[in-house]
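Everything below concerns the one structure shown next.
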Amino acid sequence: MINLAGRDIRHHGSRYIFTGMGLGLLIALTLSMAGIYRGLVDDGKAIIDNSGADIWVVQQGTLGPYAEPSALHDDIYRSLRALPGVADTGNVTYQTMQVRSAGKDVRVMVTGIEPNAPGTPLYLVSGRPIIRGHYEAVADVKTGFKTGDRIRLRHNEYTVVGTTRRMVSSGGDPMLFIPLRDSQEEQFVRDADAVVTDRLRLAQNPRLNPPGSPGILGAVEENQVSSHSVNAVLLRVAKGADPNAVAETVKRWKRLGAYTKEEMTDILVVKMIAVSARQIFMFLVILTLVSTAIIAFIIYTLTIGKIREIAVLKLVGASSRTIASMILQEALGLGLIGFMFGKVVATVWAPYFPKYVLLLPQDSLRGIVITMIVSALASLLGIRAALQVDPSEAIGG
Amino acid sequence: MSRLAGLKRKAWMAAPAALISAFVWAAATSGPLAPVKVVVARAESGPLEQRVFGIGTVEARYVYTIGPTQPGRIARLLADQGDAVKAGQLLGEMDPVDLDERIAAAEAAREKSGGARAVAKAQVEQAKNRYDLAAANAERYARLRDSATISAELAEAKVADADLAKAVLTGAEAALRIAGQEIEKAAADLQSLRVQKNYLRLVSRYDGVVVSRDAEPGSTVVAGQSVLKVVDPKTLWIRARVDQADAGAIAPGQEVLITLRSLGQHALKGKVSRIEMLGDSVTVERVVDIDFTGDAPLRLGELAEVTINTAPAKNALHVPAAAVKKADGKTGIWKIEGGKTVFCAVQTGITTLDGKTEITGGLRPDESFIVYSPVELRGGMSVKQVKTL
């Protein structure tokens, strides 16, 4: 028996493949939207996975440091380090700011870290980690900074000594790691103009600059520009210790907020990005429905376009079964070409999105199953139309 | 014609093949099926510079604060910042208020006490004369009584006169002594006021340069408040803060490269002068004082980066610092065995400022390992070596 579908496709080759590619672009769009949704959720989790911490210790009663502001004294880590079950501690500060370098403005999350403590980037893609305690930086590649670049944050110039990947804030801003002591300074020291204006204001305040006690003004000024605060202390628990138990001890006895990895993921994914993620998910559902409808229409129109040929087939005695299988095969082929083309296109354009697009194999698998089912269902409409064709139409009736 | 048709057919046969291979590529490069791309390197032996980095500010070892010893108003200032001054040079004066008048009064009091002394002296002379006369009379009358020329009563009266004159003389002599002491007191009072006036002079006690003028003529300052600050430019140094973790190898005399913020990449030379006894327990830093070996630029308060050479370079096996990772609380590096990642614990020594970590055990020379990876490495990951990421 001859393969009618194969013959038909070969006959109308270009039309068939172009239709498939058109479908493919639609499928690529849907896959990318799924990737954007997954990327959004993954951005939320990236900061948790990449900080290398098991417990986040934050200001009591806050959801910090990502969801709410949190401030702790930077010597709290000493008492935390002494708790049973704590293997390592790391002070961290987070601050989102615009960084200007070589004429371009990049929005980054400046993260203050202690070398080798939790919070430091776990892997690099070039350069070296921060070694000097001051004025060195490790940047995420999305910032566009290269190893050796010199960048300016507020008053000081930093040298980018290494780059890393996928170190982003929950909002998707790339991170820039700098030594903790520098970041504490950057957080609280304002630009030179503001400092000068502040000094003048202080000097005019007779309570802070009382006549006869010239020393007070200097002390107040010094107090205003020095900072011994951090946003969170990251804890790594010892092998075999239960993070929940350690977090409970911190909460109960140290009177601080403490979140385990699961709780932090919950805060970020469920509380922080939930609405925007649901928004995109809703759009993804609609896009899937629209794509389904369009695939169905295309296959139906394709079948209707061949109605004369089908009538001829009927006239020469082809069975309904043969005709139905021909239409089904063509529909599935179209779906397959569309999916494959779509997957390729989505993979190719994914890196050019400004924010992270995560194409999961599970999503592709779901995509191919949905595409095949939709193609099969759509072909049913075409099959129904084909089987109702009067053979006399073949001879112009 | 038929050749053209054949070509066309071949093209249409190639299209699905191209699509399928593109799809396979897309499926293989994204997702968990794709091997992780890594950059590998080999352990090398070579010189490792042993240096410690710190930042500090240019300060003067001694800052001489010049100000009044008692509250008052500044009358005039003769020096401004940048002026070189010598020891003993007058730099300004405080307003004496009524001190000059008090000195004039004290001078007058001294004159007066001198006069009083002359008066007392004259009185002593007078009393002495009187006494001499009375004593002579008493003696004469005593002889006359003995010769019974006069009554005993009259002679006794003359003795009483002589005693009285003696008492008057003693009193006059005492008054003369007191007048002498009054003169001393008046002179001391005058001297005290003159010393006080001298203290209103703001004088530098050392050779140096005025670096700040903190108050202006006409303003009132309290005792001990700074009016001018003088430093000796020869005693400029850098107070640098160095992390306690790195400070162990620092010792006085070690060479230092100094980069001032204003001088950019132009490095100055210095050497460690001392390590301060008290460390900072809050910032976990030690303070290291560094002398300039050449001429020190007078840029007080300026930020300086210091690199201290703690020891000569040593030859050692080393790896890039980026390769050293922590896993299960152990320090080590990731190796590739049969295309899969394997963690291998190593013992590390020093890490140089340019990112080389010394390996003291656990790795053979020329062994290769992973330096860069785009994800966190775990055991058993399949990897693919690339040149750069």
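Protein chains in written order, with the numbering used here: chain A, 1 to 397; chain B, 1 to 389. All C-beta atoms in this analysis are idealised placements derived from N, C-alpha and C, irrespective of residue type, glycine included. Computed from a predicted model, the values in this text were never measured in an experiment.
Does the distance from the C-beta atom of residue i to that of residue j stay below 8 Å?
i, j, result
"A:V160", "A:D149", "yes"
"B:L303", "B:L236", "no"
"A:E393", "A:I327", "no"
"A:S227", "A:F177", "no"
"A:F339", "A:I27", "yes"
"B:L363", "A:Y123", "no"
"A:T401", "A:A376", "Not covered by the structure: residue 401 of chain A. The range shown for chain A is 1 to 397."
"A:T93", "A:V233", "no"
"B:V230", "B:Y206", "yes"
"B:R117", "B:G72", "no"
"A:D74", "A:S229", "yes"
"A:L359", "A:T347", "yes"
"A:A350", "A:G35", "yes"
"A:L83", "A:V250", "yes"
Label residue i either buried or exposed according to how many other C-beta atoms from any shown protein chain fall within 10 Å of its C-beta, with 16 as the threshold for buried.
i, result
"B:T149", "exposed"
"A:P179", "buried"
"A:P361", "exposed"
"A:P129", "buried"
"A:S231", "Here residue 231 of chain A is Asn; the residue named in the question, Ser, does not match the sequence. The residue is buried, with at least 16 neighbouring Cβ atoms inside 10 Å."
"B:T293", "exposed"
"A:M1", "In this prediction, A:M1 has a pLDDT of 46, which is less than 50 and means its spatial position is unreliable; what the coordinates show is noted afterwards. The residue is exposed, with fewer than 16 neighbouring Cβ atoms inside 10 Å."
"A:P210", "exposed"
"A:P206", "exposed"
"A:Y356", "buried"
"B:S262", "exposed"
"B:M381", "buried"
"A:H11", "exposed"
"A:P65", "buried"
"A:G397", "For A:G397, the pLDDT reaches just 49, beneath the cut-off of 50, and the residue's location in the model is therefore unreliable, although a value from the coordinates is still provided. That one is exposed."
"A:I395", "exposed"
"B:L78", "exposed"
"A:Y352", "exposed"
To which residues of the same chain is residue i closer than 7 Å at the C-beta, ignoring the five residues directly before and after it?
i, result
"A:M175", "V108, M109, T111, D140, M167, V168, S169"
"B:R76", "G92, E93, P217"
"B:S373", "V36, V38"
"B:M1", "Annotation note: pLDDT 45 at B:M1 (below 50); position unreliable, no value reported."
"A:E114", "G90, N91, L180"
"B:K340", "G380, M381, S382"
"A:G133", "P179, R181"
For the ligand ADP, any of its heavy atoms closer than 7 Å to the Cβ of residue i?
i, result
"A:L176", "The ligand content of the structure shown is nil, which means the ligand ADP is not present either."
Keeping to the same chain, check which residues put their C-beta closer than 8 Å to that of residue i; ignore five residues upstream and five downstream.
i, result
"A:M33", "I280, F283, L284, L287"
"B:D203", "Before going further, note that residue 203 of chain B is Val rather than Asp in the sequence given. Result list for B:V203: I66, G88, Q89, L90, L91, in chain order."
"B:K269", "E255, V256, L257, I258, F292, T293, G294"
"B:V85", "A79, L91, S204, D207, G208, V209, V210, V230"
Ordered along the chain, which non-local residues of its own chain (more than five positions away) have a Cβ less than 6 Å from that of residue i?
i, result
"B:E367", "A43"
"B:Q123", "A172"
Which residues, in order along the segment 364-382 of chain B, keep a beta-carbon less than 7 Å from a beta-carbon of chain A?
-> Against chain A - using a Cβ distance shorter than 7 Å - the residues of the segment 364-382 of chain B are Y372, S373, P374, V375, E376, L377.
What residues in the segment 319-334 of chain B bring their beta carbon closer than 8 Å to a beta carbon of chain A?
-> Contact residues of the segment 319-334 of chain B toward chain A are P320, A321, A322, K325, K326, D328, G329 (C-beta to C-beta distance below 8 Å).
Closer than 7 Å, Cβ to Cβ, to anything on chain A: give me those residues from the segment 226-244 of chain B, in chain order.
-> When CB distances to chain A are screened at a threshold of 7 Å, the residues of the segment 226-244 of chain B falling below it are D243, in chain order.
Are the segment 190-202 of chain B and the segment 90-109 of chain B in contact at 8 Å, needing three or more beta carbon pairs?
-> Counting Cβ pairs under 8 Å, three or more are found: they touch.
Are the segment 248-258 of chain B and the segment 300-316 of chain B touching by the rule of at least three beta carbon pairs closer than 8 Å?
-> Contact holds: three or more Cβ-Cβ distances are below 8 Å.
Note down, in chain order, all residues in the segment 340-362 of chain B with a beta-carbon under 7 Å from any beta-carbon belonging to chain A.
-> Answer in chain order: T351, L353, G355.
Under 8 Å (Cβ pairs) to chain B, residues found in the segment 122-137 of chain A | Listed in sequence order: L122, Y123, L124, V125, S126, G127, R128, P129, I131, R132, G133, H134, Y135.
Count the C-beta pairs between the segment 261-268 of chain A and the segment 39-59 of chain A that are closer than 8 Å, then say yes if the count reaches three, no if not.
-> Touching, yes.
Are the segment 310-327 of chain B and the segment 16-24 of chain B in contact at 8 Å, needing three or more beta carbon pairs?
-> No, the segment 310-327 of chain B does not touch the segment 16-24 of chain B.
Would the segment 48-67 of chain B and the segment 150-168 of chain B be scored as touching if the rule is three or more Cβ pairs under 8 Å?
-> With a cut-off of 8 Å, the segment 150-168 of chain B and the segment 48-67 of chain B do not count as touching, because too few Cβ pairs lie within range.
Give the residues from the segment 283-302 of chain B that approach chain A closer than 7 Å (Cβ to any Cβ), ordered along the chain.
-> Along the segment 283-302 of chain B, the positions whose C-beta sits under 7 Å from a C-beta of chain A are T283, read in chain order.
Cβ-based contacts, 8 Å cut-off: residues of the segment 40-68 of chain B near chain A | Contacts with chain A (Cβ-Cβ distance below 8 Å) from the segment 40-68 of chain B involve F53, G54, I55, listed in chain order.
Listed in chain order, which residues of the segment 191-217 of chain B have Cβ atoms closer than 7 Å to some Cβ of chain A?
-> Residues: none.
Note down, in chain order, all residues in the segment 96-123 of chain A with a beta-carbon under 8 Å from any beta-carbon belonging to chain B.
-> For the segment 96-123 of chain A, the beta-carbon criterion of a distance under 8 Å to any beta-carbon of chain B is satisfied by N116, L122, Y123.
Closer than 7 Å, Cβ to Cβ, to anything on chain A: give me those residues from the segment 92-112 of chain B, in chain order.
-> Answer set for the segment 92-112 of chain B: empty.
Using a Cβ-Cβ cut-off of less than 7 Å, list which residues of the segment 205-233 of chain A approach chain B; keep chain order.
-> Listed by position, the residues of the segment 205-233 of chain A near chain B (Cβ gap below 7 Å) are G212, P214, H228.
Residues within the segment 69-100 of chain A neighbouring chain B, beta-carbon criterion of under 7 Å | Here the close residues are D75, A87.
Check distances from the C-beta atoms of the segment 181-196 of chain A to those of chain B and list, in chain order, the residues that come in under 7 Å.
-> R181: these are the residues of the segment 181-196 of chain A whose beta carbon lies less than 7 Å from some beta carbon of chain B, given in chain order.
Cβ-based contacts, 8 Å cut-off: residues of the segment 145-171 of chain A near chain B | Cβ contacts with chain B: V161, G162, R165, R166.
Within the chosen definition, does the segment 182-202 of chain A reach the segment 340-349 of chain B through at least 3 CB pairs nearer than 8 Å?
-> The segment 182-202 of chain A makes no contact with the segment 340-349 of chain B, as fewer than three CB pairs between them are under 8 Å.
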